[in-house]
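In UniProt numbering, the protein residues as written are 1 to 719.
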Amino acid sequence: MSVATSHSQAIRQLLHLSIDPQIYSSSSIQVSPDSPYTSSSSPSCDSTGTSPSSSGSDSMICSVLCMHDFISDDEAHLSFSKNEILDIIKQEESGWWAAMRRGGDTIAWIPQAFVTPLKEEMAERLLNVREGLRIYEYEAEQLYVSAPISRIPYEEGQTSVLSFPNVPEGNASQNISNQRRSGRPYPPPSPATPMPQPPPPNILPTLSTNKSTPPTPKQLDTFNSPQIRGTPSSATRRPLPPLVTLSEGSVGNDPFVSPDTKRRDEKIKKLTGCDEALAFLNAVNPPWYLKPRYTDKIQIDAEGKLISGTRIALVERLVWDIIPSTKNLRQNVQDNYERMFLTTFRTFMTPDDLFDMLVDIYRMPYPEDLTEPEFDEWKDRCLQPTQRHILVVFTMWLEEYRLLEEEPYISRRLMEFLGLIKQPSPLAATAQGIIDAIIRLTFETSPQATSSPTDRRKKHKSLKNELLSLQPSDVAEQLALYEWKYYIKITPQDCITQATQGTCTRSKAALTAFCSTHDKVAAWVTDTILNNHLLSRRSDTVDFWIKVAEKCRNLNNFASMSAIINALSSTVIKRLSLTWLHVGRRNTLEMLLKYNEPSGGFSAYRQLHLHAINAPCVPFIGMYLTELVHIKDQYSDEAGRVSMVQRQRWYDVVMIMLQSQANPYNIVENDTMKFIQNNLRGWTATKDWQAKFWSKSSEVQKSEREKADIRKGLEKAGF
1 MSVATSHSQA IRQLLHLSID PQIYSSSSIQ VSPDSPYTSS SSPSCDSTGT SPSSSGSDSM
61 ICSVLCMHDF ISDDEAHLSF SKNEILDIIK QEESGWWAAM RRGGDTIAWI PQAFVTPLKE
121 EMAERLLNVR EGLRIYEYEA EQLYVSAPIS RIPYEEGQTS VLSFPNVPEG NASQNISNQR
181 RSGRPYPPPS PATPMPQPPP PNILPTLSTN KSTPPTPKQL DTFNSPQIRG TPSSATRRPL
241 PPLVTLSEGS VGNDPFVSPD TKRRDEKIKK LTGCDEALAF LNAVNPPWYL KPRYTDKIQI
301 DAEGKLISGT RIALVERLVW DIIPSTKNLR QNVQDNYERM FLTTFRTFMT PDDLFDMLVD
361 IYRMPYPEDL TEPEFDEWKD RCLQPTQRHI LVVFTMWLEE YRLLEEEPYI SRRLMEFLGL
421 IKQPSPLAAT AQGIIDAIIR LTFETSPQAT SSPTDRRKKH KSLKNELLSL QPSDVAEQLA
481 LYEWKYYIKI TPQDCITQAT QGTCTRSKAA LTAFCSTHDK VAAWVTDTIL NNHLLSRRSD
541 TVDFWIKVAE KCRNLNNFAS MSAIINALSS TVIKRLSLTW LHVGRRNTLE MLLKYNEPSG
601 GFSAYRQLHL HAINAPCVPF IGMYLTELVH IKDQYSDEAG RVSMVQRQRW YDVVMIMLQS
661 QANPYNIVEN DTMKFIQNNL RGWTATKDWQ AKFWSKSSEV QKSEREKADI RKGLEKAGF
């Protein structure tokens with residue numbers, strides 16, 4: 001008995017990491033692979049740490065981004081959540097890595113398959129990103145730096161998850177960090193427990209369902225049974241929709257339910273002690289006549305994420321209320337799918353096709369060979385909820401997704417269809433409400449725009465004098481208000497059209513107008529500098545615009561800030577060396593120029609936007625439009641199935657790009673707005689003024705050289 005106990009203690013002892021977290025410091029750590037693992041530093045079966053030892057130490061190898069949730073009850077393991085960033089202290093060839101949280105006091109083992117290594121620059125960048133957006137930011141960076149169709153998930157120089165930045169191959173555990181050092185015993189061997197694996201990326205087998213002969217429940221029992229992969233069992237116990245609870249009660253009181261079914265239900269209730277488990281089982285294992293008809297036309301991965309599907313199957317998923325799931329029911333999943341679908345459906349089907357499919361599903365025939373109780377259940381749990389959901393989709397399409405603006409002819413067909421839904425249908429009132437909404441939105445007059453302050457009709461002075469008489473902060477505020485008015489007019493459909501078509505169309509006129517404003521502001525800045533004949537005026541004008549750009553940054557108007565910086569750093573302005581010698585705010589401009597660097601997909605602008613996401617903001621959207629095009633190149637529709645991964649990525653990018661539309665500026669329009677409008681009105685989107693700027697810049701440069709030569713001559717003459 002004592003031998004078995006000693007053996008058990010020895011095994012448990014190996015599962016503990018012999019590192020004292022209390023002496024870990026973020027300032028410095030060091031690993032010494034030659035440190036002996038002596039009995040004095042060995043942990044006992046009831047201790048996970050030892051006292052410090054000068055003979056050994058550990059190294060902070062690199063940081064990692066957690067790509068999946070990992071939950072373990074083993075005290076030798078470090079549980080973590082998706083999107084966390086951890087520091088790796090040691091790595092073993094078995095795949096177990098020693099890690100800890102920054103600023104934490106716990107060091108334990110994690111499985112390498114659940115994380116991905118980060119370069120130091122990327123780790124610091126992601127630490128400044130809101131935790132829920134870190135994986136998205138990391139994937140966006142990988143998408144930008146990779147070739148458009150590349151599927152390689154690692155940056156150049158990274159061949160596998162085990163390949164860390166700045167870590168020698170085959171000897172990572174012996175890496176010495178000269179920057180982070182602290183004495184510590186060398187860790188014992190990694191845990192002997194089996195290596196866990198994250199949810200596999202492969203696609204689950206699709207359901208094979210015959211429309212004319214629906215499968216019996218036995219055919220789908222295996223597929224529809226709850227499968228919990230890497231998720232705590234408690235996470236699956238969500239309250240179910242009222243429809244499921246009602247159906248459970250009706251089945252329990254139904255005299256036509258078979259005795260076997262009743263005994264099964266009673267046994268489940270007795271074992272679990274609650275009705276929730278039975279409701280969950282009924283939700284994921286509905287009778288064959290309640291299941292969708294096109295589940296064999298949809299591909300879903302192991303995490304329940306939609307990969308692709310045929311058009312009719314995607315529309316059915318949009319409105320079908322009883323869709324079985326292989327994972328726990330998740331909050332807001334259906335709502336996210338509805339919004340993603342209505343934002344992107346025009347990329348894979350016409351509005352007429354969507355309307356026809358919704359009407360066909362609304363008028364679905366009842367399954368054959370049903371008993372009277374089964375027919376009543378199908379009507380209550382399938383037909384009526386689906387019909388109600390279809391009317392909800394029509395309402396969303398009408399009020400939120402520009403049905404009247406994009407497809408006005410659909411409204412006539414919709415009113416004809418809704419007019420056929422009359423009493424005693426329980427949805428008659430809902431249908432009439434949609435008809436009233438169509439009439440209201442059709443004849444609704446837009447509110448009159450508030451009149452701008454009375455224009456002072458005095459004769460304008462020259463452009464340079466008028467500009468320099470203004471306050472930079474006032475110009476920056478009115479520029480923010482001017483850009484905001486164009487920004488809020490951009491719709492998600494404009495952005496999707498830009499990504500899929502690329503050519504200018506009427507539907508994306510608002511996006512074109514907003515982008516052209518960027519070029520007009522840059523042209524205005526350039527013109528105000530070049531048209532000053534006095535050297536002192538030119539340098540003062542440059543200083544003025546640097547102040548405006550700095551104020552734009554403080555106001556989160558990154559669109560105007562980018563335009564001003566582009567103008568000041570353009571060749572036609574930078575070549576005026578004598579002008580720049582008299583500019584006093586060159587250091588400020590150098591700091592602002594860092595935001596315009598395109599490296600990392602304009603990562604500096606992304607960070608600025610993410611930090612201002614809940615504040616009034618006009619983002620620089622150039623990198624988002626580029627990312628939409630890259631997504632188009634990376635994913636494609638195959639074998640008659642629509643890639644919903646591509647549409648989901650489009651939707652995510654567009655939502656981030658337009659999220660700031662919900663936060664307007666609290667700025668009052670004044671006379672400076674009229675001045676800005678007058679000066680931007682003369683610049684066209686054709687950029688035919690660029691040749692004129694080059695010619696004018698050459699003249700100014702020649703004049704500066706002549707003045708410089710005269711000055712040198714006077715200096716040589718002793719003046």
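Ideal placement from N, C-alpha and C gives every residue a C-beta, glycine not left out.
Collapsed DSSP secondary structure at R101 in the structure displayed:
Correct three-state label for R101: strand.
So, does the segment 664 to 681 touch the segment 518 to 526, judging by three or more C-beta pairs under 8 angstroms?
The answer is yes - the segment 518 to 526 touches the segment 664 to 681, with three or more Cβ pairs under 8 angstroms.
Any contact of the segment 601 to 608 with the segment 301 to 311, i.e. 3+ C-beta pairs under 8 angstroms?
Segments in contact, no.
At what residue ranges does the UniProt domain "N-terminal Ras-GEF" (302 to 442) contain a whole run of the alpha helix (DSSP H), taking only runs of 4 or more?
Runs found: 311 to 319, 333 to 344, 351 to 362, 372 to 378, 384 to 399, 403 to 406 and 408 to 419.
Residue interval of the beta strand (DSSP E) (run including P492):
For P492, there is no enclosing beta strand (DSSP E); the residue is part of the alpha helix (DSSP H) that begins and ends at P492 to T500.
May I have the straight-line CA-CA distance separating T357 from L625, to the nearest angstrom?
Correcting the residue type first, residue 357 is Met in the shown sequence and not Thr. M357 and L625: Cα-Cα distance of roughly 32 angstroms.
Rounded straight-line distance, which links the Cα of M561 to that of N596
Distance between the alpha carbons of N596 and M561 is about 9 angstroms.
Would you please state the rounded distance, in angstroms, between the beta carbons of L118 and C66? I believe it to be under 8 angstroms.
In fact, because the Cβ distance is near 11 angstroms, the residues do not count as touching under 8 angstroms.
Cut-off 7 angstroms between Cβ atoms - residues of its own chain near L391, not counting five sequence neighbours on either side:
Result list for L391: L427, T430, A431 and I434, in chain order.
Please return the same chain residues whose Cβ sits closer than 7 angstroms to the Cβ of K696, not counting the five positions on each side in sequence.
Cβ-Cβ distances below 7 angstroms link K696 to L530 in the same chain, with the five nearest sequence neighbours on each side left out; the list follows chain order.
Looking at the secondary structure, which residues open and close the beta strand (DSSP E) in which T684 lies?
No beta strand (DSSP E) contains T684, which DSSP labels as neither H nor E.
Roughly how many angstroms separate the alpha carbons of W320 and I421, rounded to a whole number?
Put simply, the backbone Cα of W320 is about 20 angstroms away from that of I421.
For the putative contact between W484 and P664, defined by C-beta atoms under 8 angstroms, what is the C-beta separation to the nearest angstrom?
Contact between W484 and P664 is confirmed by a C-beta separation of about 7 angstroms, below the 8 angstroms threshold.
Please go through the same chain and pick out, in chain order, the residues whose beta-carbon is closer than 8 angstroms to the beta-carbon of A510, but skip the five residues on each side of it.
Excluding sequence neighbours, A510 sits near Y486, K489, I490, T491 and D494.
Identify the continuous alpha helix (DSSP H) that holds A108 and give its terminal residues.
Looking at the DSSP string, A108 is not in any alpha helix (DSSP H); the run it does join, the beta strand (DSSP E), is I107 to P111.
Do T541 and T347 come within 7 angstroms of each other at the CB atom, strictly closer than that value?
For the 7 angstroms CB-CB criterion, T347 and T541 do not form a contact.
For S94, which option in A192, W397 and R102 has the closest C-alpha, if you only look at C-alpha atoms?
Answer by Cα proximity: A192.
R537 and I701 - do their beta-carbons sit closer together than 7 angstroms?
Per the sequence presented here, residue 701 reads as Gln, with Ile not at that position. Contact: no.
So S63 is in the alpha helix (DSSP H); what residue range does that whole segment cover?
Secondary structure note for S63: it is in no alpha helix (DSSP H), and the uninterrupted beta strand (DSSP E) holding it is C62 to C66.
Using 7 angstroms as the threshold, is the C-beta distance between A476 and K551 below it?
K551 is positioned such that its CB atom lies closer than 7 angstroms to that of A476.
Per-residue DSSP class, three states only, for N596:
N596: helix per DSSP, three-state reduction.
Going by DSSP, which residues form a beta bridge with L86?
L86 pairs with V64 and R101.
Roughly how many angstroms separate the alpha carbons of R317 and N83, rounded to a whole number?
Computed Cα separation, rounded: 29 angstroms.
Close beta carbons around W689, own chain, < 7 angstroms, minus the five adjacent residues each side
Contacts found: A523 and W683.
Who are the Cβ neighbours of M340 in its own chain at under 7 angstroms, not counting the five residues just before and after it?
If we look at M340 and ignore the five residues flanking it on each side, its Cβ neighbours are R647, Q648 and Y651.
Less than 7 angstroms separating the beta-carbons of D543 and V583?
Yes, Cβ-Cβ distance for D543 and V583 is below 7 angstroms.
According to DSSP, simplified to helix, strand and coil, what is R585?
Shown here, R585 sits in coil according to DSSP, grouped into three states, outside any helix or strand.
Using the C-alpha atoms, what's the distance from A615 back to Y362?
Computed Cα separation, rounded: 42 angstroms.
Contact set for T672: own chain, Cβ-Cβ below 7 angstroms, skip 5 residues either direction:
Beyond the five residues adjoining it in sequence on each side, T672 comes within less than 7 angstroms, by CB distance, of L470, D474, V475 and Q478 in the same chain, given in chain order.
Cβ-Cβ distance between A480 and N557 below 7 angstroms:
Using a Cβ distance threshold of 7 angstroms, A480 and N557 count as a contacting pair.
Determine, using beta carbons only, whether Y401 comes closer than 7 angstroms to chain E.
Considering every chain present, this structure includes no chain E. It has just one protein chain.
Can you tell me whether DSSP reads H77 as helix, strand or coil?
Note: H77 maps to strand in three-state DSSP.
How should L127 be labelled, buried or exposed, when 16 other C-beta atoms within 10 angstroms of its C-beta is the threshold for buried?
Around the beta carbon of L127, fewer than 16 other beta carbons lie within 10 angstroms, which makes this residue exposed.
Assuming contact is defined by CB atoms lying nearer than 7 angstroms, are I89 and A76 in contact in what I supplied?
At the C-beta level, I89 and A76 stay beyond 7 angstroms of one another.
Quick one: measure Cβ to Cβ for Y635 and V645, integer angstroms, because I've assumed they're closer than 8 angstroms.
That pair is a contact at about 6 angstroms.
Check this for me: beta carbons of R585 and I546, under 7 angstroms apart or not?
Yes, they are a contact pair.
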